[in-house]
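Numbering (full-length UniProt numbering), first residue to last: 1 to 187.
To keep things clear, I will list the structure first and then write my remarks on it.
Shown next as structure tokens:
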């Protein structure tokens with residue numbers, strides 16, 4: 001099983017590396033004004049998309065790591081803030097008018113409009129820190145960890161492998177949206 005785990009984690013690491021590279025490209029040369037441009041009245045802007053995809057990765061990787069460290073997986077639908085999030089060191093730099101542990105899930109147009117002007121370097125720095133944490137968690141996976149249940153709130157219960165694929169899927173979709181918005185803005 002060890003070789004299979006190594007192979008699987010290398011594929012996952014490659015996927016997260018591609019997201020990181022994509023975030024770098026999407027942010028390249030954009031001003032805070034570019035980052036806040038919305039292509040339509042209900043569309044997301046690049047700053048929010050990159051922040052959100054990074055917050056989701058940060059939150060979910062922290063939750064996964066917390067369970068893999070020997071803690072019980074979440075079992076109730078109550079929102080629990082997983083410890084160990086990189087966001088704790090970054091949230092003051094963003095000065096967002098949302099709850100301090102918000103990830104962007106379910107946010108309204110008004111909340112999106114309230115997202116403050118943010119430098120690309122701040123978004124990039126936060127994403128890079130989360131990316132490093134993600135790679136460290138992947139590197140630390142043991143032979144049986146990918147099959148371990150990390151969330152009991154779903155049927156069937158979510159394993160580490162499924163959660164990692166879910167995170168990668170979500171971040172990839174939002175990265176594609178951000179790249180599309182960049183193309184609309186820059187022409």
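No residue lacks a Cβ here, since even glycine has one placed at the ideal position from N, Cα and C.
Quick check: the Cα distance between residue i and residue j, rounded to an integer number of angstroms?
i           : j           : result
residue 111 : residue 102 : 11 Å
residue 35  : residue 170 : 20 Å
residue 154 : residue 19  : 26 Å
residue 149 : residue 187 : 45 Å
residue 157 : residue 29  : 42 Å
residue 1   : residue 8   : Reliability fails at residue 1, whose pLDDT of 45 lies under 50, so the model's placement of it is uncertain and the value that follows must be treated cautiously. Rounded to whole angstroms, residue 1 to residue 8 spans 10 Å at the Cα level.
residue 166 : residue 105 : 15 Å
residue 134 : residue 90  : 16 Å
residue 94  : residue 88  : 11 Å
residue 98  : residue 172 : 24 Å
residue 132 : residue 69  : 18 Å
residue 55  : residue 21  : 17 Å
residue 113 : residue 43  : 10 Å
For residue i, list the residues DSSP reports as bridge partners.
i           : result
residue 149 : 159
Apart from the five residues on each side of it in sequence, which residues of its chain come closer than 7 Å, Cβ to Cβ, to residue i?
i           : result
residue 5   : 141, 143, 146
residue 119 : 32
residue 123 : 27, 47, 50, 51
residue 184 : 39
residue 65  : 84, 137
residue 37  : 45, 185
State the DSSP-derived secondary structure class of residue i, mapped to helix, strand or coil.
i           : result
residue 168 : helix
residue 124 : helix
residue 32  : helix
residue 46  : helix
residue 138 : helix
residue 93  : helix
residue 99  : coil
residue 81  : coil
residue 20  : helix
residue 1   : At residue 1, the pLDDT of 45 sits below 50, so the modelled position is not reliable; the number obtained from the coordinates is stated separately. Residue state, collapsed to three classes: coil.
residue 180 : helix
residue 117 : coil
residue 40  : coil
Could you pull out every residue in the same chain whose Cβ sits closer than 8 Å to the Cβ of residue i, ignoring the five residues on either side in sequence?
i          : result
residue 26 : 46, 50, 175, 178, 179, 182
residue 14 : none
residue 61 : 130, 133, 134, 137, 167
In its own chain, which residues sit with a C-beta less than 6 Å from the C-beta of residue i, not counting the 5 before and 5 after it?
i          : result
residue 63 : 82
residue 67 : 73, 150
residue 16 : 134
field: Stretch pair the region 45-65 + the region 122-129: three plus CB contacts closer than 8 Å
entry: Note that the region 45-65 touches the region 122-129; at least 3 beta-carbon pairs, one per stretch, sit closer than 8 Å.
At least three beta-carbon pairs within less than 8 Å, the region 160-169 to the region 72-87: No, the region 160-169 is not in contact with the region 72-87.
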